[in-house]
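Working notes, beginning with the structure itself.
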Amino acid sequence: MELTTVLENTQPTKNYTFKEKPFYNFLKRCFDIFCSLILIIVASPVLFLVAILVKITDGGTIIYKAPRMGKGGKIINVYKFRSMCMNADDIKKTLSKEDLEKYEKEYKLEKDPRITKVGNILRKTSIDELPQLFNVLQGNMSLVGPRPILERESSLYGENRELLFKVKPGITGLWQVSGRNNITYESGERQALELKYIQERSIALDIKILFLTVGAVFKMKGAM
């Protein structure tokens, strides 16, 4: 299916269906293992350099383990290079009232004051997401899939909540390559894109999303 067709058919209030695809799952897992291993080897100098930069920024931890919901609703630790200040999780102390209200709607901020100078560069280039290749290798994430979410975000999917956890979350996905900063939970479009991917998932669609992700990263749109 063409990516443009997937986007055109997206309906935020639609009831989505799920079909088991064992052969697709097998091919996807083989692809994930092979690609994550190659990418980790190729990116190892970058991983080492970024680890040093993050450490010397404030002496804090290098890797941030973000608790998110994975396949089956299981809580997994999603690895990221730490891009925020050390006390970033205490949002009531680190965010203004206005920013806190925005965060509670979308669970992200376009200009987050908690992000460090090094972290800002890491996010713009999506380098902060590179440690998630180890999640893919471990098997609790895939290269392509719906983004892993916070437990409190799952209620925004309503009656389709369980469908979201039928597949592994991904480093990149349909939402990321579709202009994610303009596609919000509030409008229902983000949920629709994530659920539409699950319904229409295929090797062809995954490859298209990966190519679009590469293009977005080179344009520094932070698609991952």
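Just remember that my numbering sits 1246 ahead of the position in the sequence shown, which is counted from 1. For each residue, glycine too, the CB sits at the ideal point set by N, CA and C.
By the Cβ rule, the stretch 1359-1373 counts as touching the stretch 1323-1330, because three or more pairs are nearer than 8 Å. Under DSSP, the beta-bridge partners assigned to N1323 are P1313.
Separation of F1457 and F1411 (C-alpha to C-alpha, rounded to the nearest whole angstrom) is 25 Å. Per the coordinates, the alpha-carbon of K1265 lies some 47 Å from the alpha-carbon of G1305.
CA-to-CA, the gap between Q1422 and L1396 works out to about 17 Å. Looking only at N1406, I1286 and A1438, the smallest Cα-Cα distance to E1375 is reached by I1286. For a cut-off of 8 Å, the C-beta gap from P1415 to G1391 is around 5 Å, short enough to register as a contact. Taking 7 Å as the cut-off, the Cβ atoms of I1308 and K1317 do not count as close. In the assembly as shown, V1288 is an exposed residue. Its beta-carbon has fewer than 16 other beta-carbons within 10 Å. Assignment of I1361 by DSSP, reduced to helix, strand and coil, places it in the strand class. Between the alpha carbons of S1401 and F1294 lies a gap of roughly 38 Å.
Counted as a single uninterrupted DSSP element, the stretch harbouring I1429 is not any alpha helix (DSSP H), since DSSP gives it neither H nor E.
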